[in-house]
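Number of protein chains: 2
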Amino acid sequence: MATIRDVAKLAGVSVATVSNSVNDPGRVSEQLRNRVLKAIETLNYAPRAAARSLRKQSSGLLGLIVADITNPFFTELVQAVEGIASQQGFSVLLCNSDEDPAREEKHLQVLRSQWVDGIILATTGDVSLSRSSLLSQIRVPVVLVDRAFDGLGLDAVVLDNRLAAHQATEHLIRRGHRRIGLLSGPTSVTTGADRLAGYREALLASQIRFDPALVLEAGFREQQAYDATVALMRLPQPPTAVFAANNLMAIGMMRALSVLGLRCPDDVSVISIDDFAWANVFRPKLTTVAQPVRQMGEMAVQLLTDRIHGHRSGTGSTHMLESHLVIRESCAAPVQAAQSEATRAEPAPSR
Amino acid sequence: MATIRDVAKLAGVSVATVSNSVNDPGRVSEQLRNRVLKAIETLNYAPRAAARSLRKQSSGLLGLIVADITNPFFTELVQAVEGIASQQGFSVLLCNSDEDPAREEKHLQVLRSQWVDGIILATTGDVSLSRSSLLSQIRVPVVLVDRAFDGLGLDAVVLDNRLAAHQATEHLIRRGHRRIGLLSGPTSVTTGADRLAGYREALLASQIRFDPALVLEAGFREQQAYDATVALMRLPQPPTAVFAANNLMAIGMMRALSVLGLRCPDDVSVISIDDFAWANVFRPKLTTVAQPVRQMGEMAVQLLTDRIHGHRSGTGSTHMLESHLVIRESCAAPVQAAQSEATRAEPAPSR
DNA sequence: GCGAGCATGGCAACCATCCGGGATGTGGCC
DNA sequence: GGCCACATCCCGGATGGTTGCCATGCTCGC
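In order, the protein sequence lines correspond to chains X and W. Mapping of the first sequence onto the working numbering: residues 1 to 351, in sequence order. Mapping of the second sequence onto the working numbering: residues 1 to 351, in sequence order.
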């Protein structure tokens, strides 16, 4: 309620001096500064961010758009981003697109008019849509996280998705699996396409023929993964192991296996990309390929603030981080040939 | 970059007409409005939120402070709040206090200077601290969520924590348990104290003597719950069932049981407050008392916007929502007396 | 021809910041 | 001892973009 004028009046100085006392203490004598600060405290004055941003042409706000806030991957990302941003004096405007490109678009509009100093974007839309919308508000620095796309020259922080998928697939192969199912994300986005590529690479490296019937696209969502898993396990020759390309799909897969009455890892081995806090609490403890989520968040904020402060300019680049395998209990050697014969004899698994 | 002036010039109208075209279409003729809108599109103009809030004395921002963004309860709350707020034209400034009252205090300062229109606060500090800090910036409407405190006359949306704890404890009693451990939250906050009270009420109702040795405070955190569970199970007469007063403590408890080599529900039954998406995916599927999280978020936003729009005034009230029991697989009848004798004979459980 | 009503424009206010200028005081040098 | 140069402090005023209020001017109808 109190304005800078009220403070100035109470302290018996000019408005400018009040401002200087706060923002550039060197310009004001110690004594006067104390008098001003005391007045500020008395009136419980706080500068109005709106007026300040109007004058400074910068808001001290960072926009963060994630695809699904309930996904633990993004939750952890949000935590990291908020923490670092806050340390650097920025507040975070959180937007959740809920996997809806239209909502993402709307959020971008809002962020633009809020005049945020920068945007961290985990895009949900396909590339073309995002491109057109982003082009319209190119003024503010943007850093992509998780999913990248070329063509706009933006900075991006992503996982080495090929490597991650390779690690997961290779782990299953080492345990003796040859028929490995894949719950894939949409190949229209880099995380989907690259993880599929890594899976194929790993198969190739072990001279296992790629079987398209074992790859089902499940849109990174739980329910679709559930359906896909049921379909996979009802194949004439079901896979002995399944690799889910993200955490949500791993959940759907586990639920399906449970309903189908299949035990893990006894009947089928399971691995996924994305580690999360609860993966090691229940049975089976999930073997996963973990992403350095926190590091991704920190790096994204750093790239962004570097650009905001002008320490970084020109075309952006893609920063690729490495995943690592976390071995727990959900992967075992495949069931014996005899048993798989039995399974094959009865197409619909018991429940 | 384009200002309202540029638009006015291009459309050949005054600045005021541009503003009216956007905000009060009735005041401008159809034809002129179209000309203006076209100019806006051509120049890709967006009003600057800072200037607008300066003029309107309101920012269109809602502050949301949660205690721990990685806790699924708060995650879901954030999702609900963001969704509804966005629908109502508000953006959400997300703050994560990470269970640190000092950070919460800092976030409050920031929100105050951002001149947010309202604050939804899931406070982490004890009552006295929050009280003093909140008093200093009483100008903006505040709605408490999850944890309430009296004295400031603020609106609050909370769970009927007594009922929830009663439901959980009673369920265990019905299954035949008489020695029921409690991993309690800190009794300095309402959620901690009320859940303890509900536990005691349920015991009393079934004429089971309250045994203080079976109640350990674990601060709503995972690691402390882990330690507490180990301690509980090493008692001369360990409980046959344990009730964790929130989700994080349930996780810690499950981890401890796993390390101790105790099977659930065979060796010990388990129940907790807070349901979450993964509770029914792994083994054992957790029996929980679910909170209507989404509803809590919606109600909090509604109360807040009602106040912001002046539809609501005067002293706030506490709104209590009911939990419901979700029965899954983690509660069974207690082990036979013979077996508990055996357990008692060997104080340190095998691992 | 006059009045009513509507479309449009002008102007001030919102509040913090920053640039440049002005005022005061101090020290040194002739 | 007096004057000038300089440093230290402080203040005035302009700036930014938008909106609400009020005035103006125009047109249409009676």
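Ideal Cβ positions, reconstructed from N, Cα and C, are used throughout, including at glycine.
Please list the partners that residue i has in chain X, where partner means a Cβ-to-Cβ separation under 9 Å.
i	result
residue 5/W	None at all; the shortest Cβ gap to chain X is about 15 Å.
Please report whether the beta-carbon of residue i lies at a distance below 8 Å from any beta-carbon of chain W.
i	result
residue 224/X	no
residue 76/X	yes
residue 105/X	no
residue 110/X	yes
residue 335/X	no
residue 139/X	yes
residue 296/X	no
residue 30/X	no
For residue i, count neighbouring Cβ atoms within 10 angstroms of its own Cβ and tell me buried if that reaches 16, exposed if not.
i	result
residue 57/X	exposed
residue 202/W	buried
residue 90/X	buried
residue 347/X	Low confidence applies here, because residue 347/X scores a pLDDT of 45, under 50, leaving its location unreliable and the question unanswered by this model.
residue 196/X	buried
residue 291/X	buried
residue 334/X	buried
residue 184/W	buried
residue 259/X	exposed
residue 300/W	buried
residue 188/X	exposed
residue 112/W	buried
residue 342/W	Residue placement at residue 342/W is flagged as unreliable, the pLDDT there being 44, under the threshold of 50; the coordinate-derived value follows with that caveat. Answer is exposed; the Cβ neighbour count stays below 16.
residue 282/W	buried
residue 41/W	exposed
residue 13/X	buried
residue 280/W	buried
residue 76/X	buried
residue 315/W	exposed
Check the Cβ-Cβ distances between residue i and every residue of chain X, and say whether any is below 8 Å.
i	result
residue 282/W	yes
residue 242/W	no
residue 277/W	yes
residue 251/W	yes
residue 82/W	yes
residue 1/W	yes
residue 245/W	no
residue 261/W	no
Which bits of chain W does residue i rub up against, with CB to CB less than 7 Å?
i	result
residue 114/X	49, 91
residue 79/X	69, 70, 96
residue 46/X	112, 113
Looking only at its chain, what residues have a beta carbon closer than 7 Å to the beta carbon of residue i, apart from the 5 residues adjacent to it on each side?
i	result
residue 1/X	none
residue 15/X	4, 5, 8
residue 99/W	67, 68, 124
Residues of chain X with CB under 8 Å from residue i, in chain order?
i	result
residue 254/W	281, 282
List, in chain order, every chain W residue whose beta-carbon is nearer than 8 Å to that of residue i.
i	result
residue 53/X	50
Going by beta carbon distance, what residues of the same chain come within less than 6 Å of residue i, once the five residues before and after it are set aside?
i	result
residue 198/X	162, 165, 166
residue 307/W	141
residue 194/X	161, 162
residue 36/X	11, 18, 21
residue 190/W	147, 148
residue 214/W	181, 239
residue 229/W	253, 256
Using the beta-carbon of each residue, which ones in chain X are nearer than 7 Å to residue i?
i	result
residue 59/W	50
Apart from the five residues just before and just after residue i, which ones in its own chain have a Cβ nearer than 8 Å to its Cβ?
i	result
residue 175/X	241, 269, 331, 332, 333, 334
residue 88/W	301, 305
residue 171/W	271, 287, 325, 327, 331
| query | Contact between the segment 244-251 of chain W and the segment 62-81 of chain W: three or more CB pairs below 8 Å? | reply | yes
| query | With contact counted as at least three CB pairs below 8 Å, one residue from each stretch, are the segment 36-51 of chain X and the segment 5-21 of chain X in contact? | reply | yes
| query | When the Cβ atoms of the segment 306-320 of chain W are set against those of the segment 92-102 of chain W, are three or more pairs found closer than 8 Å? | reply | no
| At least three beta-carbon pairs within less than 8 Å, the segment 154-165 of chain W to the segment 214-234 of chain W | no
| Three-pair Cβ contact test at 8 Å for the segment 319-339 of chain X versus the segment 260-272 of chain X | yes
| query | With a cut-off of 8 Å, do at least 3 Cβ pairs link the segment 27-42 of chain W to the segment 26-39 of chain X? | reply | no
| field | Touch test, the segment 283-301 of chain W against the segment 73-87 of chain W, Cβ-Cβ under 8 Å, three pairs minimum | value | yes
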